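Data block below; observations after.
There are 2 protein chains.
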Amino acid sequence: MRRWRESLNLIERHMPFLRRSLHAGDGVQTAGDTFDCLHLVYFGAIKTMVLAADGYQQVAGLHLKGDWVGLDGIATGYSACDGYAMDTSEVWTVRYDELLRIGEHVPELVHVLHTAMGNQMARDREWRFAQARLPADARLADFLRSWAQALALRDMRTDDITLRLTRAEIGNYLGMRLETVSRSFSRLVEVGLLAFDDKRRRHVAIPDINALVAYVQSRIHP
Amino acid sequence: MRRWRESLNLIERHMPFLRRSLHAGDGVQTAGDTFDCLHLVYFGAIKTMVLAADGYQQVAGLHLKGDWVGLDGIATGYSACDGYAMDTSEVWTVRYDELLRIGEHVPELVHVLHTAMGNQMARDREWRFAQARLPADARLADFLRSWAQALALRDMRTDDITLRLTRAEIGNYLGMRLETVSRSFSRLVEVGLLAFDDKRRRHVAIPDINALVAYVQSRIHP
DNA sequence: CGATGTGTTGACCGGGTTCAAACAATGTGG
DNA sequence: CCACATTGTTTGAACCCGGTCAACACATCG
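Chains as they are written, first to last, in this note's numbering: chain P, 1 to 222; chain V, 1001 to 1222.
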């Protein structure tokens, strides 16, 4: 069984949960709310954002089916970020205390939760690595690679990826300005590592993902 | 009771654990080892580092008493980073499977573990925020602030902080070069936000931590 | 003592930001 | 349907922060 199904299966079998259908832009959770629920993505894509006091918004994470949203609330007791659907989506909402209670009899439940948190940490570290050792072009390339591989893992199409983020959001996520993102896109297309789907600049095709991996590798900074 | 004591108290009361005394430089865990244990810092300071395939080392995190080390192994099943004592330290090592087993009867145990993971994620996000919005000087200032506050939280002296990291390691941790770290130090001393303890360049005093906070705030980038 | 590791400082350079202008896509109301 | 506003994207030019390379100042230690 694929890893991403584990959480869904376990929740479905052992937990009461609330199905929530969402359209693009709908909110999953709001930063500051007292934490009591976790959200498991059943399908679609969720974007989480942190809002600084001065109004600056930062993209915190992107979540596909099988991913958990809301984990960062466990420590503090309130949600740390806003969560929005980037697309028509469904999330399963479960109460944290119920999960712990039922987890006492179903250890696998606790373990998938731990795995999810561990994966989150691993992703953060990878991001940090990219930030420290990759120039802008390679960071964008690596972002697209990881996104494509996340889709592939879930048996979704990767030959025509629809980015549901603006250039500004991508840049925000990768730690660079939107102009730099745009230029990096242009350069990657120029060397044939990417291709835009006609005029729709948010549809990207990756002709050869191995070439993309090799490109990122080749640009790792000493 | 202070937050950092929770884990220590709970472990002490409910779990079998192995006390390990360490001297500066001793290893706590090695990247790649199959994961089965978590380590709780009882005193001292632990530094974790990830090693890239090409030999490049990156500082992943710093851990004081009450902090957990090894959480990132839960997801993958093997340790993701090396852990070293930066100082004379003691860690309590517990088996993860035992923690889960006993946790079935002591829910607080499970919860402190979750809290620890959540805190880790929160720190990672803060780091990301700093990376994206603070120039080099302010990043260093913010790093020293957070270190000082971590010490204060544990009733340790903050008027004469001993950095147990080289300029290169600090830079590595903050995403900048050692020369930039050095220059940033000089500038912060120049404006009176920091003071070196005589000739020992690794002993830093923070005359007014609020001023440091204000400085960081004032340099947040739009 | 020289050797080695660490820290500071200067000069130069370059990748990415900033500012600005123009264009494309989409929507809105008359 | 078109005029117009709005939002997102691309591209150019100038600038600047931080990286790079290099020299030097200290410590500590064999």
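We put the CB at the ideal spot given by N, CA and C, even for glycine. Note that this is a predicted model, so its numbers are computed, not measured.
Task: Span of the beta strand (DSSP E) around residue 1084 (chain V) - done: Annotation for residue 1084 (chain V): the continuous beta strand (DSSP E) segment containing it runs 1082–1085.
TODO: Taking the CB atoms as reference points, tell me whether residue 68 (chain P) and residue 1128 (chain V) lie closer together than 9 Å.
DONE: In terms of Cβ geometry, residue 68 (chain P) and residue 1128 (chain V) do not form a close pair [threshold 9 Å].
Open item on the list: So, with DSSP's three-state summary, where would you put residue 179 (chain P)?
Closed with: Residue 179 (chain P) falls in the helix class under three-state DSSP.
TODO: Could you tell me whether any Cβ in chain V is nearer than 9 Å to the Cβ of residue 115 (chain P)?
DONE: Using a CB distance cut-off of 9 Å, residue 115 (chain P) counts as an interface residue toward chain V.
Task: Reduced DSSP category for residue 1139 (chain V) - H, G, I as helix; E, B as strand; rest coil - done: helix
Open item on the list: With the cut-off set at 9 Å, would you say residue 219 (chain P) and residue 137 (chain P) are in Cβ contact?
Closed with: yes
Task: Span separating the alpha-carbon of residue 1053 (chain V) from that of residue 34 (chain P) - done: 42 Å
Open item on the list: Please return the same chain residues whose Cβ sits closer than 7 Å to the Cβ of residue 1254 (chain V), not counting the five positions on each side in sequence.
Closed with: Because chain V here runs from 1001 to 1222, residue 1254 (chain V) falls outside it and cannot be looked at.
Open item on the list: Does residue 134 (chain P) come out as helix, strand or coil in the three-state DSSP assignment?
Closed with: DSSP places residue 134 (chain P) in coil when its eight states are reduced to three.
- [ ] Report the neighbours of residue 104 (chain P) on chain V: residues whose CB is nearer than 9 Å to its CB, in chain order.
- [x] 1103, 1104, 1105, 1107, 1110
Open item on the list: Quick test of the definition: if touching needs 3 or more C-beta pairs under 8 Å, does the stretch 1104–1112 of chain V touch the stretch 1076–1096 of chain V?
Closed with: Judged by pairs of C-beta atoms under 8 Å, the stretch 1104–1112 of chain V does not touch the stretch 1076–1096 of chain V, as fewer than three such pairs exist.
- [ ] Pull out every residue of the stretch 1069–1080 of chain V whose Cβ sits closer than 8 Å to any Cβ of chain P, in chain order.
- [x] The stretch 1069–1080 of chain V vs chain P, Cβ under 8 Å: 1071, 1072, 1073, 1074, 1075, 1076, 1080.
- [ ] Below 7 Å CB to CB, which residues in the same chain sit around residue 1019 (chain V) once its five sequence neighbours on both sides are set aside?
- [x] For residue 1019 (chain V), where only same-chain residues beyond five positions count, the Cβ hits under 7 Å are 1090, 1092.
TODO: Please confirm if residue 1128 (chain V) has its CB atom under 9 Å from at least one CB of chain P.
DONE: yes
Task: Given residue 95 (chain P) as reference, the closest of P:222, P:9, P:15 once Cα atoms are compared - done: P:15
- [ ] Pick helix, strand or coil for residue 129 (chain P), following the three-state DSSP scheme.
- [x] helix
Task: Contacting residues, own chain, Cβ-Cβ under 8 Å from residue 1010 (chain V) (five flanking each side not counted) - done: Excluding positions up to five away in sequence, the list reads 1106, 1108, 1109, 1112.
Task: Status (buried if at least 16 other CB within 10 Å, exposed otherwise) for residue 162 (chain P) - done: exposed
Open item on the list: Using 8 Å as the cut-off, can you tell me whether the stretch 117–124 of chain P makes contact with the stretch 207–222 of chain P, which would need three or more C-beta pairs spanning the two stretches below that distance?
Closed with: No, because fewer than three Cβ pairs between the stretch 117–124 of chain P and the stretch 207–222 of chain P fall closer than 8 Å, the two stretches do not touch.
Open item on the list: If I follow the unbroken beta strand (DSSP E) through residue 1203 (chain V), where does it start and stop?
Closed with: 1200–1205
Task: Residue ranges of each beta strand (DSSP E) within the stretch 1062–1116 of chain V, 3 or longer - done: Fully enclosed beta strand (DSSP E) runs of 3 or longer: 1082–1085, 1089–1095.
TODO: Can you pull the chain V residues whose beta carbon is under 7 Å from the beta carbon of residue 50 (chain P), in chain order?
DONE: 1125
Task: Short CB-CB distance (under 9 Å) between residue 54 (chain P) and chain V - done: yes
Task: Helix, strand or coil at residue 1051 (chain V) [DSSP, three-state] - done: Judged by DSSP in its simplified three-state form, residue 1051 (chain V) adopts strand.
Open item on the list: Give me, in chain order, the residues of the same chain whose beta-carbon lies closer than 7 Å to that of residue 159 (chain P); leave out the 5 immediate sequence neighbours on both sides.
Closed with: Excluding positions up to five away in sequence, the list reads 205.
Task: Bridge partner(s) assigned by DSSP for residue 39 (chain P) - done: For residue 39 (chain P), the pairing in a beta bridge is given by DSSP as P:69, P:93.
Task: Interface partners of residue 121 (chain P) on chain V, CB under 8 Å - done: 1071, 1072, 1075, 1117, 1120, 1121, 1124
Open item on the list: Quick check on residue 1217 (chain V): buried or exposed, where buried means 16 or more other Cβ atoms within 10 Å of its Cβ?
Closed with: exposed
Open item on the list: Can you give me the C-alpha to C-alpha distance between residue 17 (chain P) and residue 39 (chain P), rounded to a whole angstrom?
Closed with: 9 Å
TODO: Mind checking who residue 58 (chain P) pairs with in its DSSP beta bridge?
DONE: P:50
Open item on the list: I'd like to know whether the C-beta atoms of residue 172 (chain P) and residue 29 (chain P) end up nearer to each other than 9 Å.
Closed with: no
- [ ] Inspect the CB distances between the stretch 1002–1009 of chain V and the stretch 1070–1089 of chain V and report whether three or more fall short of 8 Å.
- [x] no
Open item on the list: Using the three-state DSSP reduction, which class does residue 1145 (chain V) fall into: helix, strand or coil?
Closed with: Under the three-state reduction of DSSP output, residue 1145 (chain V) falls in the helix class.
TODO: Measure the alpha-carbon distance for residue 189 (chain P) versus residue 1025 (chain V) and round it to whole angstroms.
DONE: Between residue 189 (chain P) and residue 1025 (chain V), the alpha-carbon positions lie close to 47 Å from each other.
- [ ] Output yes or no for whether 9 Å exceeds the beta carbon distance between residue 251 (chain P) and residue 144 (chain P).
- [x] A question about residue 251 (chain P) goes unanswered here, because the residues of chain P that appear run from 1 up to 222.
Task: Per DSSP, cross-strand counterpart(s) of residue 1019 (chain V) - done: Paired residue(s): V:1092.
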